[in-house]
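Peer 1: Below are the structure tokens for one structure; questions will follow.
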Ligand SMILES: Nc1ncnc2c1ncn2[C@@H]1O[C@H](COP(=O)(O)OP(=O)(O)OP(=O)(O)O)[C@@H](O)[C@H]1O
Ligand code: SF4
Ligand SMILES: [Mg+2]
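Chains as they are written, first to last, in the working numbering: chain B, 1 to 326; chain G, 327 to 660.
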């Protein structure tokens, strides 16, 4: 049974330009003990999906307009807001691309940890210090003693992200949502953090939702993948089947457009024409239709549903690529 | 590093180029310190090629780019463009040089003036350099926009009306306006959506062919670098640690840092996923780099000698091309 099930989630933002349908009927599920990647281009609704699960969408201008978010037999969207804190940070934790959205610049590392340890566990004094040490050690922070006294600005980007992970894991959540946790980091540091997340996942058995725009990061880290396009899910599959045989034309186009080993500029890269559509006034029918090499008349008329194609994979496309095709 | 290119092929040449910035020492200390952003670089760029400068934050690649286009003065060293020493030019001569060297920036959002129309943005360099009459300039702008795949009717619109990919095309059209010989492109793709990166990559390749352009590509994305470049220079803390042809650097990697970079770049293929441990440690501050080989604290191959002296950039030899150099005392064992 899935740990988290999101059904037909709709989140909108009221802006001067009109109503942005940022997340427009998104469904996906997270299996226990697995790492789900949500991948897509800027503005496709990855972060808003995650914020919706946490009930952290800024309101106004945002509003969750519909859907169900099933967590341990409860619909989080039906829960009175005052009950959310008992889930947020305890059962589901979230970390962000910019650690400074959650770290207080005038607090030391120790004070951040102390606060959680006291509020959530009633730990203080020597017991709290010991637990804090252990937490920093678990996320690979060398010399935890000296780091406890540091302020966030004295730490590198990678160290800050490690502190964020340590804080997020203090309560041993069942699910960690990480929104672009390595996007601001250098590649060698990104590798360290992704490695750490995989190790922590194995050690604790928690599930992870990893949000990224980087298909390489998905390939290296995730078990399952949801590909989003313009506020909708285009395709959902296990990581191996997605990369081996993408069935949605968007996924296929994206994968083919990446430069890869052995390819040089003698051969032009296959590319997807055009740009991502506006979410205020998206194309009718399939949102990818204006850019799709397989589009037919039906695609501009009728919106494709996210349907199960074969076991474990779904695609929202009238003409998905079949097993028989190259 | 020895010169292997015939002089006529040589477009840009740097010898012991440095750029140091003064900074305040520690938080409360008044003691002045120096960031060695670019620390004694020697390299050359040949006509018509693409050379990539690769490295992580603080390695000095963007500083080097700004020095190359002479947006900044080097602290010391020699920089020759087309045989002329550009470090000893008057302001007027630098102004003239700018026609031949242009830059494309990472951020297509902040690099275009929001109050100017697209037409004005692309025409501005022509105006500054007094190239032709107004009507001729406007005709040229239309041609430039067409070359980068934008229609002439977009001329009267403003940057905010365009997507990231379109803005980057506008930046490229502007860079082409003066018919430059060299274009320094600083992370031209990293602010773009994945689906438009390939469009801009293909555009850069086509323009290079059609205009016989020389590119200095500054990038941290090894996949893009391998696709686009003829030669590669890997930088770490202000120094080149390895340089050579694309094949030298990617197939016959000689420096442990290059290895670490390649091993760290995410590969979009789950079948190739490795469980190997990543290299440890953080990128040190360029204010106070480690002694000896600056990479030694993170290097899995480091031995005592690595701490003693800065290893010189020396030929790799063996199966490599004569232009393959690496700064590692254990390069032959790796
Ligand atoms: N506070 C807000 N006010 C108005 N619109 C918003 C707000 N937050 C998000 N949006 C809009 O919702 C849409 C989805 O945004 P979201 O942040 O989820 O994208 P994303 O997939 O996370 O993109 P990125 O890769 O850039 O982080 C976008 O069109 C965005 O402009
Ligand atoms: S539904 Fe049509 S337009 Fe949309 S992805 Fe499938 S083939 Fe392309
Ligand atoms: Mg986001």
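Built from N, CA and C at the ideal position, the CB exists for glycine as well.
All values reported here derive from a predicted model rather than from experimental measurement.
Compare the C-alpha of residue 409 of chain G against each of G:593, G:337, G:655, G:612 and name the closest.
Peer 2: Counting from one through the second chain, the residue named residue 409 of chain G turns up at place 83. Here the closest residue by C-alpha is G:337.
Peer 1: Under 7 Å between C-beta atoms, does residue 45 of chain B make it to chain G?
Peer 2: Position 45 of the first chain, counted from the start, is the residue given in the question as residue 45 of chain B. So no, residue 45 of chain B is outside the interface.
Peer 1: In chain order, what are the residue ranges of uninterrupted alpha helix (DSSP H) at least 4 long that sit wholly in the stretch 81-136 of chain B?
Peer 2: Here the runs fully enclosed are 109-121.
Peer 1: Kindly indicate which three-state DSSP category residue 42 of chain B falls into: helix, strand or coil?
Peer 2: In the first chain, counting from the first residue as 1, residue 42 of chain B sits at position 42. Residue 42 of chain B falls in the coil class under three-state DSSP.
Peer 1: Can you tell me whether DSSP reads residue 335 of chain G as helix, strand or coil?
Peer 2: As a position in the second chain, residue 335 of chain G is number 9, starting the count at 1. Correct three-state label for residue 335 of chain G: helix.
Peer 1: For the stretch 249-313 of chain B, list the beta strand (DSSP E) runs that are entirely contained and at least 3 residues long, ordered along the chain.
Peer 2: The stretch 249-313 of chain B contains these whole beta strand (DSSP E) runs: 307-310.
Peer 1: Mind listing, in chain order, the residues whose beta carbon lies closer than 5 Å to a non-hydrogen atom of ligand 2?
Peer 2: Going along the chain, the residues that qualify are B:249, B:286, B:288, B:289, B:292, B:294, B:295, B:299, B:304, B:317, B:318, B:319.
Peer 1: Kindly indicate the opening and closing residues of the alpha helix (DSSP H) around residue 286 of chain G.
Peer 2: Outside the modelled stretch of chain G, which goes from 327 to 660, sits residue 286 of chain G, for which no answer is possible.
Peer 1: Report back the beta-carbon spacing between residue 594 of chain G and residue 258 of chain B to the nearest angstrom; my notes put them in contact at under 8 Å.
Peer 2: Taking the second chain and counting its residues from 1, the one referred to as residue 594 of chain G is at position 268. Taking the first chain and counting its residues from 1, the one referred to as residue 258 of chain B is at position 258. About 5 Å; that satisfies the 8 Å criterion.
Peer 1: Is the closest heavy atom of ligand 1 to the C-beta of residue 58 of chain B under 6 Å?
Peer 2: The residue labelled residue 58 of chain B in the question sits at position 58 within the first chain. Yes, the Cβ of residue 58 of chain B comes within 6 Å of a heavy atom of ligand 1.
Peer 1: How is residue 376 of chain G classed by DSSP in three states: helix, strand or coil?
Peer 2: Taking the first residue of the second chain as position 1, residue 376 of chain G is located at position 50. Three-state result, residue 376 of chain G: strand.
Peer 1: Based on Cα-Cα distance, which residue from G:390, G:520, G:519 lies nearest to residue 380 of chain G?
Peer 2: For the purposes of this step, residue 380 of chain G is identified with residue 54 of the second chain, where counting begins at 1. Here the closest residue by C-alpha is G:390.
Peer 1: My output table needs one value for residue 402 of chain G: the three-state DSSP class, helix, strand or coil.
Peer 2: As a first step, residue 402 of chain G is located in the second chain; it is residue number 76 there, counting from the start. Residue 402 of chain G falls in the strand class under three-state DSSP.
Peer 1: Mind listing the chain B neighbours of residue 528 of chain G? Cutoff is C-beta to C-beta under 7 Å, in chain order.
Peer 2: Counting from 1 along the second chain, the entry for residue 528 of chain G is found at position 202. Chain B residues near residue 528 of chain G: 268, 269, 271.
Peer 1: Taking the beta strand (DSSP E) that residue 545 of chain G falls in, what are its first and last residues?
Peer 2: Residue mapping note: residue 545 of chain G aligns to position 219 of the second chain, counting from 1. Per DSSP, residue 545 of chain G belongs to the beta strand (DSSP E) from 540-545.
Peer 1: Contact criterion: CB-CB distance below 7 Å. Does residue 327 of chain B meet it with respect to chain G?
Peer 2: Lying before the first or after the last residue shown, residue 327 of chain B is absent from chain B, which here runs from 1 to 326.
Peer 1: List in chain order: all unbroken beta strand (DSSP E) runs of 3+ residues lying wholly within the stretch 583-647 of chain G.
Peer 2: List check, beta strand (DSSP E) in window: nothing returned.
Peer 1: Looking only at its chain, what residues have a beta carbon closer than 8 Å to the beta carbon of residue 305 of chain B, apart from the 5 residues adjacent to it on each side?
Peer 2: The residue given as residue 305 of chain B occupies position 305 in the first chain. For residue 305 of chain B, where only same-chain residues beyond five positions count, the Cβ hits under 8 Å are 316.
Peer 1: Is residue 366 of chain G helix, strand or coil by DSSP?
Peer 2: In the second chain, counting from the first residue as 1, residue 366 of chain G sits at position 40. Residue state, collapsed to three classes: strand.
Peer 1: Any beta carbon of chain B sitting closer than 7 Å to that of residue 591 of chain G?
Peer 2: As a first step, residue 591 of chain G must be located in the second chain, where it is residue number 265. Chain B contact via Cβ: present.
Peer 1: Check whether the Cβ atoms of residue 463 of chain G and residue 452 of chain G lie closer than 7 Å to each other.
Peer 2: Position 137 of the second chain, counted from the first residue, corresponds to residue 463 of chain G. Position 126 of the second chain, counted from the first residue, corresponds to residue 452 of chain G. In this structure, residue 452 of chain G lies closer than 7 Å to residue 463 of chain G by Cβ.
Peer 1: Mind pulling the chain G residues with CB within less than 7 Å of residue 255 of chain B?
Peer 2: Translated into the one-based positions of the first chain, residue 255 of chain B becomes position 255. Within chain G, the residues near residue 255 of chain B are 594.
Peer 1: Helix, strand or coil for residue 72 of chain B per DSSP?
Peer 2: Here residue 72 of chain B refers to the residue found at position 72 when the first chain is read from its first residue. Residue 72 of chain B falls in the coil class under three-state DSSP.
Peer 1: Looking at chain G, is there any beta carbon in it that lies within less than 7 Å of the beta carbon of residue 288 of chain B?
Peer 2: Start at 1 with the first residue of the first chain, and residue 288 of chain B comes out as number 288. It does not; no Cβ of chain G falls within 7 Å.
Peer 1: Between the Cα of residue 662 of chain G and the Cα atoms of G:536, G:494, G:644, which residue gives the shortest distance?
Peer 2: Residue 662 of chain G lies beyond the range of chain G shown here (327 to 660); nothing can be said about it.
Peer 1: Closest to residue 130 of chain B by C-alpha separation, out of B:120, B:110, B:230, B:81, would be which residue?
Peer 2: Indexing the first chain from 1 puts residue 130 of chain B at position 130. Taking only the C-alpha atoms, the option nearest residue 130 of chain B is B:110.
Peer 1: Which residues in the same chain as residue 636 of chain G place their Cβ atom closer than 7 Å to its Cβ, once the five residues preceding and following it in sequence are excluded?
Peer 2: Reading the second chain from its first residue, position 310 is the one you call residue 636 of chain G. Excluding positions up to five away in sequence, the list reads 618, 619.
Peer 1: Just how far apart, CA to CA, sit residue 522 of chain G and residue 480 of chain G?
Peer 2: On the second chain, residue 522 of chain G is found 196 positions in, with the first residue counted as 1. On the second chain, residue 480 of chain G is found 154 positions in, with the first residue counted as 1. So the alpha carbons of these two residues sit roughly 19 Å apart.
Peer 1: What residues in the stretch 219-252 of chain B have a beta carbon less than 7 Å from any beta carbon of chain G?
Peer 2: Result list: 219, 220, 239, 240, 243.
Peer 1: Mind checking which residues open and close the alpha helix (DSSP H) that includes residue 468 of chain G?
Peer 2: One-based indexing of the second chain puts residue 468 of chain G at position 142. Residue 468 of chain G -> alpha helix (DSSP H) spans 460-473.
Peer 1: Does any residue of chain G bring its CB to less than 7 Å from the CB of residue 42 of chain B?
Peer 2: Translated into positions along the first chain, residue 42 of chain B becomes position 42. Interface residue, yes.
Peer 1: Examine chain B for any beta-carbon lying closer than 7 Å to the beta-carbon of residue 646 of chain G, and answer yes or no.
Peer 2: Sequence index remark: in the second chain, residue 646 of chain G carries index 320 (1-based). Residue 646 of chain G does not count as touching chain B.
Peer 1: Verify whether the separation of the beta carbon atoms of residue 53 of chain B and residue 69 of chain B is less than 7 Å.
Peer 2: Translated into positions along the first chain, residue 53 of chain B becomes position 53. Translated into positions along the first chain, residue 69 of chain B becomes position 69. A contact, by the Cβ cut-off of 7 Å.
Peer 1: Is DSSP giving residue 553 of chain G helix, strand or coil here?
Peer 2: For the purposes of this step, residue 553 of chain G is taken as the residue at position 227 of the second chain. Three-state DSSP puts residue 553 of chain G in a helix.
Peer 1: Is it right to say residue 345 of chain G is buried, meaning 16 or more other beta carbons lie within 10 angstroms of its own, or is it exposed?
Peer 2: Translated into positions along the second chain, residue 345 of chain G becomes position 19. It counts as buried.
Peer 1: Which residues, taken in chain order from the stretch 199-211 of chain B, show a beta carbon closer than 9 Å to some beta carbon of chain G?
Peer 2: The residues in question: there are none.
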